[in-house]
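Chains as they are written, first to last, in numbering that gives the first Met the number 0: chain G, 0 to 652; chain F, 0 to 290. Note that the Cβ used here is the ideal one computed from N, Cα and C, for glycine as well. In what follows, a single structure is set out as structure tokens and then discussed.
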Amino acid sequence: MNFLLEIGTEEIPHWMIPGALKQLSALDLLGAKPEIDATPRRLVVRATGVPERTPDTEDVLLGPAPSPGFSAGMAMDKATEGWIKKHKLDIQDVYIQETEKGRRWGAARRIPGKRALDIFSETLPVAIVGIQWPKTMYWTAKNGPRFIRPIRWIIALLDDQVIPFEIAGVRSGNLTRGHRQLGSSSIPVTIENYETELRRNFVILSSHERRHKIEKEAAALGAKIDSDLLETLTFITEYPTAIRGEFDPKFLELPAEVLSTVMRHHQKYFSVEAHPGQLAPNFVAVMNTSGDPEGLVKHGNERVLKARFNDARFFWDVDQQKKLIDRLDDLKKVTFHAKLGSYFEKTERMMAVVRELGGDQHAERAALLSKTDLTTEMVKEFTELQGVVGGLYARAQDEPEPVAQAIYDHYQPTSMEDDIPATREGQIVSLADKLDTLRECFRIGMIPSGSKDPFALRRAAQGVVKILVEAKLHYDFYALLTPPLTDFLLERVQHYFREIRGFKYDEVNAVLASSRGTLADVEDRLTALAEVRPTENFEPLAASFKRIRNILKQAEFEADGQIQESLLEPGPERDLYSAYQRVRAQIQGAGYHAALEGIASLRPSVDLFFDKVLVNAGDPAVRVNRLTLLSDLLTEFSTIADFSEIVTSGENK
Amino acid sequence: MDCFQETVFKLKRYWAERGAIIQEPYDLEVGAGTMCPETFLRVLGPQPYRVAYVQPSRRPADGRYGENPNRLYKHQQLQVILKPSPEDVIDQYLGSIEAIGIDLKKHDIKFEEDNWEAPTLGAWGIGWQVMLDGLEISQFTYFQQCGGFDLDLVPAELTYGLERISAFLQGVDSVYDIEWAPGVKYAQVRFADELQSSVYNFEMAQIDRLRLLFDEYEAECKRLLSLYDEKSECKKRFPVIPAYEQVLKCSHLFNLLDARGAISVTERVGMIKRVRDLAVGTAKTWVSQQS
Numbered sequence: 000m001n002f003l004l005e006i007g008t009e010e011i012p013h014w015m016i017p018g019a020l021k022q023l024s025a026l027d028l029l030g031a032k033p034e035i036d037a038t039p040r041r042l043v044v045r046a047t048g049v050p051e052r053t054p055d056t057e058d059v060l061l062g063p064a065p066s067p068g069f070s071a072g073m074a075m076d077k078a079t080e081g082w083i084k085k086h087k088l089d090i091q092d093v094y095i096q097e098t099e100k101g102r103r104w105g106a107a108r109r110i111p112g113k114r115a116l117d118i119f120s121e122t123l124p125v126a127i128v129g130i131q132w133p134k135t136m137y138w139t140a141k142n143g144p145r146f147i148r149p150i151r152w153i154i155a156l157l158d159d160q161v162i163p164f165e166i167a168g169v170r171s172g173n174l175t176r177g178h179r180q181l182g183s184s185s186i187p188v189t190i191e192n193y194e195t196e197l198r199r200n201f202v203i204l205s206s207h208e209r210r211h212k213i214e215k216e217a218a219a220l221g222a223k224i225d226s227d228l229l230e231t232l233t234f235i236t237e238y239p240t241a242i243r244g245e246f247d248p249k250f251l252e253l254p255a256e257v258l259s260t261v262m263r264h265h266q267k268y269f270s271v272e273a274h275p276g277q278l279a280p281n282f283v284a285v286m287n288t289s290g291d292p293e294g295l296v297k298h299g300n301e302r303v304l305k306a307r308f309n310d311a312r313f314f315w316d317v318d319q320q321k322k323l324i325d326r327l328d329d330l331k332k333v334t335f336h337a338k339l340g341s342y343f344e345k346t347e348r349m350m351a352v353v354r355e356l357g358g359d360q361h362a363e364r365a366a367l368l369s370k371t372d373l374t375t376e377m378v379k380e381f382t383e384l385q386g387v388v389g390g391l392y393a394r395a396q397d398e399p400e401p402v403a404q405a406i407y408d409h410y411q412p413t414s415m416e417d418d419i420p421a422t423r424e425g426q427i428v429s430l431a432d433k434l435d436t437l438r439e440c441f442r443i444g445m446i447p448s449g450s451k452d453p454f455a456l457r458r459a460a461q462g463v464v465k466i467l468v469e470a471k472l473h474y475d476f477y478a479l480l481t482p483p484l485t486d487f488l489l490e491r492v493q494h495y496f497r498e499i500r501g502f503k504y505d506e507v508n509a510v511l512a513s514s515r516g517t518l519a520d521v522e523d524r525l526t527a528l529a530e531v532r533p534t535e536n537f538e539p540l541a542a543s544f545k546r547i548r549n550i551l552k553q554a555e556f557e558a559d560g561q562i563q564e565s566l567l568e569p570g571p572e573r574d575l576y577s578a579y580q581r582v583r584a585q586i587q588g589a590g591y592h593a594a595l596e597g598i599a600s601l602r603p604s605v606d607l608f609f610d611k612v613l614v615n616a617g618d619p620a621v622r623v624n625r626l627t628l629l630s631d632l633l634t635e636f637s638t639i640a641d642f643s644e645i646v647t648s649g650e651n652k
Numbered sequence: 000m001d002c003f004q005e006t007v008f009k010l011k012r013y014w015a016e017r018g019a020i021i022q023e024p025y026d027l028e029v030g031a032g033t034m035c036p037e038t039f040l041r042v043l044g045p046q047p048y049r050v051a052y053v054q055p056s057r058r059p060a061d062g063r064y065g066e067n068p069n070r071l072y073k074h075q076q077l078q079v080i081l082k083p084s085p086e087d088v089i090d091q092y093l094g095s096i097e098a099i100g101i102d103l104k105k106h107d108i109k110f111e112e113d114n115w116e117a118p119t120l121g122a123w124g125i126g127w128q129v130m131l132d133g134l135e136i137s138q139f140t141y142f143q144q145c146g147g148f149d150l151d152l153v154p155a156e157l158t159y160g161l162e163r164i165s166a167f168l169q170g171v172d173s174v175y176d177i178e179w180a181p182g183v184k185y186a187q188v189r190f191a192d193e194l195q196s197s198v199y200n201f202e203m204a205q206i207d208r209l210r211l212l213f214d215e216y217e218a219e220c221k222r223l224l225s226l227y228d229e230k231s232e233c234k235k236r237f238p239v240i241p242a243y244e245q246v247l248k249c250s251h252l253f254n255l256l257d258a259r260g261a262i263s264v265t266e267r268v269g270m271i272k273r274v275r276d277l278a279v280g281t282a283k284t285w286v287s288q289q290s
């Protein structure tokens, strides 16, 4: 059978729709595969090949135990007769069963399957209300159902039959609604004509088609396509149409960052470039309607943009009347955090961290001015431009270029995909900013737990890690931190190397478990480890190292003496010792890759040693000597990575 | 083309025809129509209510001496409360936009997520900003909580930015060029107020006196609330509305001090909490008095 579910709502926030669809794609349709789609006003699930009913099943109804010595032909006891009567069983169907609890009377029963229609009318309302949203509301009355926005209509069809149910007073049926302005508000549909009827009423159900329509039309109008904005527009429109507008070229005097932010973030317009890197005095807006024959929408959008740009120019002019350096005192009135004081205090702390990191005078100056743009009209209006505005103003106010650039970049990276600051000064100021936030929040016990991370400390920590690694900064990672912040950052280090860089988790563990130092060094060691790992000797050697560690642990052995060469037995033991000495000399000053290859070459000697030599020798002196040899081997060759952390094949985690 | 007051008449008429009481503006300083007792107190409790009113709303920090074409110290909001919200509330809202002469078939309307929260009122709601050809013309909110209470009936609050809508309808770039009445511009009616209030708010308001007034109004509100007895037979006589008026005074004084740049970091959080405590206290008293 064919299936159609349309949950008709008021406009759902665009960014939540994909998440809801993902949940609906797991809807249980008795084996049929849900096909999902959505507009801001409807979440839709369709399927073909839904079984009409679930198959009949059989089970066995157990009754009392047969009386001792019962055999065929004997009369049944009272209890059994009562049981047969009670369940209206046919005597023919009753037989003796062997069960875990001994012999029992049993009867095979046929349980008829259920109609899909009946199942769905029970499961659908639960599944719909069960969709998880970032924030929900109630709209009927207190204790009423919760959803992202009010549900106003529901279509639930199985072939031509309505699956009956009700949510928040809305009964399922076969009536949909078209586009708010252009369509009808009551359209009877069948599963077959559903999508066509929507289209006739100016609703393009397919988000794929809407996305494509926007992209094609906007590109034809010269838009620079921005994929995030494209996604947003796809889910705030039911019938998208792109139009192009103009603005006065005199606004091109404003920084491109400001113009783009106004257009993209505030007005959801695509910008247009005259040539790469140079904005044209145009924009592309995407309407939720079919056309603009009289140019009213174009005109309206142009007026709004003009007012916005005028504001921006006004802010720019007003802001220039007070230099960044003269705004320091104003930072005393801008709260960083109730318990951590103002941005003025944060600035002072950042300066100290810059000095701790050995930043030069430009870095220090940049840190001093870094937060002053928070007091400007431009940033009050366009908060997402914090830092950028400070950098632009610093440049306009003739601060040295490295200072301006460092201020401009110092919020970067804002995500794992974002670039780190371009200059060393910018990297140091960004580190100082984030380290200060992390240290201070941890100091007052504001430590993220689970999904609670109101100050975005994970993102700050991730930024620290990304900068330290990618800028190859030579700070001792561990010296910058104190517990429990160290562990918090280490989690981000692991996350970074695993999720972003694609190293295996055991490789990351192995490198972090060995020597400490800079993250740039961790990266180098990891790279070498990942390269050498697939070679034939490596994993078996890693397995042997694990064995060595266990032997030492069981023996509770702490090496405190030299290896006595005289005690070494000729053969595998002496061979291992010479291999150890040879490799040690060989890797002296070698790169990590060569060193790891050298270590891996120990494998045959180690294997042979374990094959032929008994560590627990009868003579205690020999035993200690052998343990010392193993211990030296382990410590000497575990500075790049702790091989015992490597999960070898045949081993699970 | 309609003048400003004509647009207001039409909106009021439209909502009156849909069962709303047409109230007059509240006669105290408020930052938004939401703060008037007609919204703040009426949304509490199980009594259905429909009301519409224009509320001049004062935001001292937004004053620009009458020089900015889009920003005002005191702007006019049309506030509509529909409690409980009808099933076709969005259609009714769109009908009001058509009623003031905007043919929606020729324009682009979008509902963009915008949830509302007023920390000083212990209130929040879920909703949208309504965009007309890229211009935010209204705020649409389903109230969820007010004065710290989950609401029994969920009201829809529609707030129209009257200056923006009129400027749109009249095709003018500055609010001061809006025709208020035939032959009379917005500037003639309101410019002096904008200029003088900006001067007062930013330059001449006496900080110490504002603080003193804040303390006095707060004390008066607290005094009143402490006298309420829910078991008293004459609890209906208790002046909870006057108590709430002290809260409005405090809220406005806080905004003035803020615009004056007189509130320090640590003080700010504390003052917001002081106002919220009063607002929550009056809401609680109101609910008890209604039961």
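C-beta atoms of residue i and residue j nearer than 7 Å
i: Asn-281 (chain G); j: Arg-307 (chain G); result: no
i: Val-129 (chain F); j: Phe-142 (chain F); result: no
i: Thr-175 (chain G); j: Ile-186 (chain G); result: yes
i: Ala-599 (chain G); j: Leu-528 (chain G); result: no
Residue-chain proximity (residue i, chain G), Cβ-Cβ < 7 Å
i: Asp-132 (chain F); result: yes
i: Leu-103 (chain F); result: yes
i: Leu-224 (chain F); result: no
i: Leu-152 (chain F); result: yes
i: Glu-156 (chain F); result: no
i: Gln-205 (chain F); result: no
i: Gln-289 (chain F); result: no
i: Tyr-13 (chain F); result: no
Endpoints, beta strand (DSSP E) assigned at residue i
i: Gln-128 (chain F); result: 122-131
i: Leu-42 (chain G); result: 41-46
i: Ser-171 (chain G); result: 169-172
i: Ala-166 (chain F); result: That residue, Ala-166 (chain F), is in no beta strand (DSSP E); its alpha helix (DSSP H) goes 161-169.
i: Ile-278 (chain G); result: Sequence check: residue 278 (chain G) is Leu here, not Ile. Leu-278 (chain G) -> beta strand (DSSP E) spans 277-287.
i: Ser-600 (chain G); result: Segment: none, Ser-600 (chain G) is in no beta strand (DSSP E) and carries neither H nor E.
i: His-336 (chain G); result: 334-336
i: His-494 (chain G); result: Segment 484-494 is the alpha helix (DSSP H) holding His-494 (chain G); no beta strand (DSSP E) there.
Short CB-CB distance (under 7 Å) between residue i and chain F
i: Trp-132 (chain G); result: no
i: Glu-10 (chain G); result: yes
i: Lys-212 (chain G); result: no
i: Trp-138 (chain G); result: yes
i: Ala-306 (chain G); result: yes
Backbone CA spacing between residue i and residue j [nearest angstrom]
i: Leu-256 (chain F); j: Ile-262 (chain F); result: 6 Å
i: Glu-10 (chain G); j: Glu-398 (chain G); result: 48 Å
i: Ala-167 (chain G); j: Trp-152 (chain G); result: 10 Å
i: Gln-291 (chain F); j: Val-53 (chain F); result: Residue 291 (chain F) is absent from the structure shown; chain F starts at 0 and stops at 290.
i: Ser-226 (chain G); j: Glu-214 (chain G); result: 9 Å
i: Val-464 (chain G); j: Lys-267 (chain G); result: 33 Å
i: Val-621 (chain G); j: Ser-604 (chain G); result: 19 Å
i: Thr-281 (chain F); j: Arg-41 (chain F); result: 12 Å
Residue range of the alpha helix (DSSP H) that includes residue i
i: Trp-179 (chain F); result: Per DSSP, Trp-179 (chain F) belongs to no alpha helix (DSSP H); it is in the beta strand (DSSP E), 178-180.
i: Lys-212 (chain G); result: 206-219
i: Gln-195 (chain F); result: 185-198
i: Lys-11 (chain F); result: 3-16
Which residues, in chain order, does the region 19-45 of chain F contribute to contact with chain C at a C-beta distance below 7 Å?
The structure shown has no chain C; the protein chains it does contain are G and F.
In chain order, which beta strand (DSSP E) runs of at least 3 residues are fully inside the region 34-86 of chain F?
48-57 and 73-82, all fully within the region 34-86 of chain F.
Runs of beta strand (DSSP E) wholly within the region 346-416 of chain G (minimum 3 residues, chain order)
You should have found no qualifying run.
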